[in-house]
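> Structure below; questions to follow.
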Amino acid sequence: MSPRKSAAESRRTRDRIIDRSIAIASVEGLDGLTIGRLATDLGMSKAGVLGHFGTKETLQLASLDGASAIFSRAVWEPAAGTAPGLARLRAICEYWITYLEREHGAFPGGCFFTTAAVEFDARGGPIRDAVVRRSLLWRRRLANEIRYAVDAGELPSDTDPDQLVFELIGLYTGLNQAIQLFADPKAQERTRRALARLLAPAPEEAR
3 MSPRKSAAES RRTRDRIIDR SIAIASVEGL DGLTIGRLAT DLGMSKAGVL GHFGTKETLQ
63 LASLDGASAI FSRAVWEPAA GTAPGLARLR AICEYWITYL EREHGAFPGG CFFTTAAVEF
123 DARGGPIRDA VVRRSLLWRR RLANEIRYAV DAGELPSDTD PDQLVFELIG LYTGLNQAIQ
183 LFADPKAQER TRRALARLLA PAPEEAR
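Here you go:
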């Protein structure tokens, strides 16, 4: 086998491990990842799995990176071409709903980051730090869109971006629970009604 083919095969195997790790962790948490479980699920040896990551913590961090990429492809990238400000913010929110829907959801256990946040919010260490870092980046991205919308006169001038981000995060945390825990068939409709209030345009646009 040529070095180039060997490297490509190694990347494919690593990607398979990460994909399976993400699926497991979305249901059972990052601590639910075990080398033995992954080896069995993927038909590999434990040494084969360990050879790609070395430690469970490295595997957990790689799974977070992989989940972040999935979230970005599902929520941010489809909305990125929309005009910045309120239009893009609304597009992000709609793709965010689709991301959480069971029939279309990216993760079998619902929002990967909600699961990770609950699992690690009372702990210290690199995994918690990584979860916090990704969450803060997303909050900053939302806040930037809100500020743009305010500056453009699309949202009321007294809108507090950090407060609105806080409310949006709470809304989507509630949506995830309504879908995963209660299987509420009206959860998406309720979310859209709440968004209509939270993202109501400035009076000038309304007229």
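Sequence positions in the sequence shown follow this note's numbering and run 3 to 209.
C-beta atoms are modelled at their ideal positions from N, C-alpha and C, and glycine is treated no differently.
Please classify glutamine 62 as buried or exposed, where buried requires at least 16 neighbouring CB atoms within 10 angstroms.
What you label residue 62 is simply residue 60 of the sequence shown in a count that begins at 1. Classification for glutamine 62: buried.
> The alpha helix (DSSP H) spanning tryptophan 140 covers which residue range?
Within the sequence shown, residue 140 is the residue found at index 138, counting from 1. Per DSSP, tryptophan 140 belongs to the alpha helix (DSSP H) from 128 to 153.
> Would arginine 16 and aspartate 43 qualify as a contact pair, given that the criterion is a beta-carbon distance under 7 Å?
For this step, residue 16 is matched to residue 14 along the sequence shown. For this step, residue 43 is matched to residue 41 along the sequence shown. In this structure, aspartate 43 does not lie closer than 7 Å to arginine 16 by Cβ.
> Which runs of the beta strand (DSSP E) fall wholly inside the stretch 35 to 113 and span at least 3 residues, in chain order?
Counting whole runs of 3 or more residues, the stretch 35 to 113 contains no beta strand (DSSP E) stretch at all.
> Do we get a CB-CB distance below 7 Å when we pair leucine 52 with the residues of chain C?
In summary, chain C is missing from the structure at hand, where a single protein chain is found.
> Shortest alpha-carbon distance to glycine 176 belongs to which of Gly112, Arg39, Leu139, Leu88?
On the sequence shown, position 174 is the one that residue 176 refers to. Per the Cα distances, Gly112.
> If we count the other Cβ atoms within 10 Å of its Cβ and call it buried at 16 or more, is proline 163 buried or exposed?
Counted from its first residue, the sequence shown places residue 163 at position 161. By the neighbour-count rule (16 or more Cβ atoms within 10 Å), proline 163 is buried.
> Around the Cβ of arginine 13, are there at least 16 other Cβ atoms within 10 angstroms (buried) or fewer (exposed)?
On the sequence shown, position 11 is the one that residue 13 refers to. By the 10 Å Cβ count, arginine 13 comes out exposed.
> Using only the alpha-carbon positions, how far apart do leucine 170 and arginine 75 sit?
In the sequence shown, residue 170 corresponds to position 168, counting from 1. In the sequence shown, residue 75 corresponds to position 73, counting from 1. Approximately 20 Å between the Cα atoms of the pair.
> Once you ignore the five residues that flank alanine 81 on each side, which residues in its own chain have a CB closer than 6 Å to its CB?
As a working note, residue 81 is residue 79 in the sequence shown. Answer for alanine 81: Arg90, Ala93, Ile94, Tyr97, listed in chain order.
> Relative to the alpha-carbon of glutamate 147, which residue among Glu30, Gly155, Gly87, Asp131 has its alpha-carbon at the smallest distance?
As a working mapping, residue 147 is identified with position 145 in the sequence shown. Checked all of Glu30, Gly155, Gly87, Asp131; the closest Cα to glutamate 147 is Gly87.
> Would the stretch 177 to 191 count as touching the stretch 123 to 132 if we require 3 or more Cβ pairs under 8 Å?
With the cut-off at 8 Å, the stretch 177 to 191 and the stretch 123 to 132 do not touch.
> Counting only the same chain and skipping the five closest in sequence on each side, list residues whose C-beta sits under 6 Å from that of alanine 189.
If you number the sequence shown from 1, residue 189 lands on position 187. Answer for alanine 189: Leu177, Ala180, Ile181, listed in chain order.
> Three or more beta-carbon pairs under 8 Å between the stretch 130 to 142 and the stretch 42 to 56, yes or no?
Verdict: no, contact absent.
> So, for arginine 209: in the same chain, excluding its five sequence neighbours on each side, which residues have a beta-carbon less than 8 Å away from its beta-carbon?
Stepping through the sequence shown from its first residue, residue 209 is reached at position 207. Bear in mind that the predicted position of arginine 209 carries a pLDDT of just 38, short of 50, making it unreliable; the figure below should be weighed with that in mind. None.
> Would you please state the rounded distance, in angstroms, between the beta carbons of glutamate 121 and aspartate 33? I believe it to be under 8 Å.
By one-based count along the sequence shown, residue 121 stands at place 119. By one-based count along the sequence shown, residue 33 stands at place 31. With 8 Å as the limit, glutamate 121 and aspartate 33 qualify as a contact, their Cβ atoms being about 7 Å apart.
> To the nearest angstrom, how far is it from the Cα of alanine 9 to the Cα of histidine 54?
To locate residue 9, count along the sequence shown from 1; it is residue 7. To locate residue 54, count along the sequence shown from 1; it is residue 52. Approximately 12 Å, taken between the alpha carbons.
> For the alpha helix (DSSP H) that glycine 176 lies in, which residues bound it at each end?
What you label residue 176 is simply residue 174 of the sequence shown in a count that begins at 1. It spans 163 to 182 - the alpha helix (DSSP H) in which glycine 176 sits, taken as one unbroken run.
> When you compare each of Trp140, Gly56, Gly68 to tyrosine 174 by their alpha carbons, which one comes out closest?
Numbered from 1 along the sequence shown, position 172 holds the residue referred to as residue 174. When each option's Cα is compared against that of tyrosine 174, the closest is Trp140.
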